[in-house]
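Residue numbers (the working numbering): 975 to 1560.
For each residue, glycine too, the CB sits at the ideal point set by N, CA and C.
A quick write-up on the structure given underneath.
Following this line, the structure appears as structure tokens:
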């Protein structure tokens, strides 16, 4: 458990206890606003975005993200701006209209690319609007773009590239060349920030060195900030198989102890789980490279045993370009040299066809331990929706995890995250951090009807919704539609759903089980209730989709067709613009 140090030289015990209690109740945006208020002496808590007050020029730091990496980088940059006398306003690009940029002097955009070239789902509306023919000209805007992506996809950093080019075509002036970052983005992003700050830094004569020079954000960050660099460690209480023991893709329910009441999440939010590579995969890599796991290497400035870095910090499955280049050098393989010297599409195809275990087996070599660590991609956290409301069960986190295997070459490969989580036993510890998913929260108006559509583990956040609604006196009408394989063996959270029906928390439940539904699809179970669907939409209902992307996109397409046929072609698009469609797909 991370402990917050007490600055005894600044506060007495009573003051610190009061301050610590208040800080733990703040979400990240409140914490940042408070830090700006303390630094600048005043601010307006009703503003839409977070402002960090300082002297000198002003920049808009906008981010587009699904995993929170871009948000954290935006905060890092804004703090650095504060330190050199620049006022930095942090905004989520999801809430920005292109017209706002006509009144902005300097824009720093930090955005990820989702999947194989798509913009992050929260910023889809902004992306569509800025790419439209009627997007406003931006002759007075200076801009810079930091793009995050995954080089294993063909359309690497496509969103950042497209926006960078679009701003230029609209007349904006580029401050610095675009920086494209792979999964290991911290170092190149930091170096790019350093270059950018030299351009933004005001001259010494323009900096006010008076008593209001802003302070860094450390006091708030140290008290409330859990993230992937500062995770919380929680104990496993329960790991229960919810599905039939003979089902190939088992679904488990995990309960984790949560002792820190400052760890806050709302229904619809997730946690990022820092997983470990399986011991047998670590052993395979060590054996193939003839390296000792006890050899010391450097990771994040610390000297650690090689085995620990490979187990906890490095991706041992997917090779990247850096690993390919290293392996070409240490093996002196003519075949690998040809691949490295080939075009990018050839390299990507080769990397898609080979995992690291294949390369170390087909092209054996003994690399330097540090070179191996530096060439491997970082092991990424995995996001899992929280399946309970912390307002109802406040000292536990519940997760729903499905076993996952995929065919690769002539074998089945288990998913690293699912394999790790399903193997946990009571008493084991898990490292994780909160991940806000504001676009998938319950509507702010409690009387708004909600339609919850899920398949498989997509039921998880709806269990949290139902728990939260059970404690609400004037609860909204709730309609739950979900699909699974078999009624007898795969009815996930059946007792919770039945209780919700009895208590009136759920007004309607439609369940589709593929083995007994005679071809009835998830979408059909909604469309077949067309009269009810139309009535609820007229009452302002919000619709939620949660589960595997391919299946839920197919479901949404069928419902969209039905709604547009009933209410006119723009109907579904208008629901999206009105933010009444909520998606949480994976």
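- Between the alpha carbons of residue 1045 and residue 1066 lies a gap of roughly 8 Å.
- Note on geometry: alpha-carbon atoms of residue 1084 and residue 1036 lie some 6 Å from one another.
- Assignment of residue 1366 by DSSP, reduced to helix, strand and coil, places it in the coil class.
- Of all C-beta pairs linking the segment 1157-1173 to the segment 1046-1062, three or more are shorter than 8 Å, placing the two stretches in contact.
- Shown here, residue 1398 sits in coil according to DSSP, grouped into three states, outside any helix or strand.
- Beta-bridge partners assigned by DSSP to residue 1288: 1352.
- Closest in alpha carbon position to residue 1126, among 1346, 1322, 1298, 1412, is 1322.
- Selection 1542, 1541, 1546 evaluated against residue 1517 yields 1546 as nearest (Cα-Cα).
- When secondary structure is reduced to three states using DSSP, residue 1092 falls in the strand class.
- The residue from 1349, 1328, 1404, 1342 with its alpha-carbon nearest to that of residue 1211 is 1404.
- Contact check for residue 1500 and residue 1454: beta-carbon distance about 11 Å, past the 8 Å limit, so the pair fails to qualify.
- Counting C-beta pairs with one atom in each stretch, the segment 1421-1430 and the segment 1511-1526 have three or more that are closer than 8 Å, which means they touch.
- Distance check between residue 1327 and each of 1338, 1305, 1292, 1432 places 1292 closest, using alpha-carbon atoms only.
- Using a Cβ-Cβ distance cut-off of 8 Å, the segment 1434-1454 and the segment 1376-1390 are not in contact, since fewer than three pairs of beta carbons, one from each stretch, lie closer than that value.
- Under a 10 Å Cβ-count criterion, residue 1552 is classified as exposed, with fewer than 16 other Cβ atoms of the shown protein chains found around its own Cβ.
- In the three-state scheme derived from DSSP, where H, G and I count as helix and E and B as strand, residue 1160 is classed as helix.
- Going by DSSP, residue 1443 is part of no beta strand (DSSP E) but of the alpha helix (DSSP H) stretching over 1434-1444.
- Residue pairing of residue 1035 in beta bridges, as defined by DSSP: 1064, 1082.
- Residue state for residue 1521 is assigned as strand, using DSSP reduced to three classes.
- Straight-line spacing of the CA atoms in residue 1033 and residue 1389 works out to 42 Å.
- Residue pairing by DSSP puts residue 1382 in a beta bridge opposite 1385.
- Bounds of the beta strand (DSSP E) holding residue 1458 are 1452-1458.
- Rounded to whole angstroms, the separation of the alpha carbons of residue 1480 and residue 1474 is 5 Å.
- By the 16-neighbour rule on beta-carbons within 10 angstroms, residue 1078 is buried.
- The three-state secondary structure of residue 1428, taken from DSSP, is strand.
- For residue 1280, the closest alpha carbon among the candidates 1286, 1304, 1294, 1268 is that of 1268.
- Take the alpha-carbon of residue 1374 and the one of residue 1302: they are about 41 Å apart.
- Membership of residue 1511 in the alpha helix (DSSP H) is indicated by the continuous run 1504-1512.
- Annotation for residue 1548: no beta strand (DSSP E) segment contains it, though the alpha helix (DSSP H) segment containing it runs 1545-1551.
- In the structure shown, residue 1272 adopts extended strand secondary structure according to DSSP, grouped into three states.
- By the beta-carbon neighbour count (other beta carbons within 10 angstroms, threshold 16), residue 1401 is exposed.
- By the neighbour-count criterion, in which a residue is buried when 16 or more other Cβ atoms sit within 10 angstroms of its Cβ, residue 1172 is exposed.
- Inclusion of residue 1298 and residue 1256 in the CB contact set at 8 Å is not warranted, their separation being larger than that value.
- In this structure, residue 1330 sits away from residue 1427, with a CB-CB distance that is not shorter than 8 Å.
- Excluding residues up to 5 positions away in sequence, 1116 lie with their Cβ nearer than 6 Å to the Cβ of residue 1147 in the same chain.
- Residue pairing for residue 1153: DSSP places it in a beta bridge opposite 1120.
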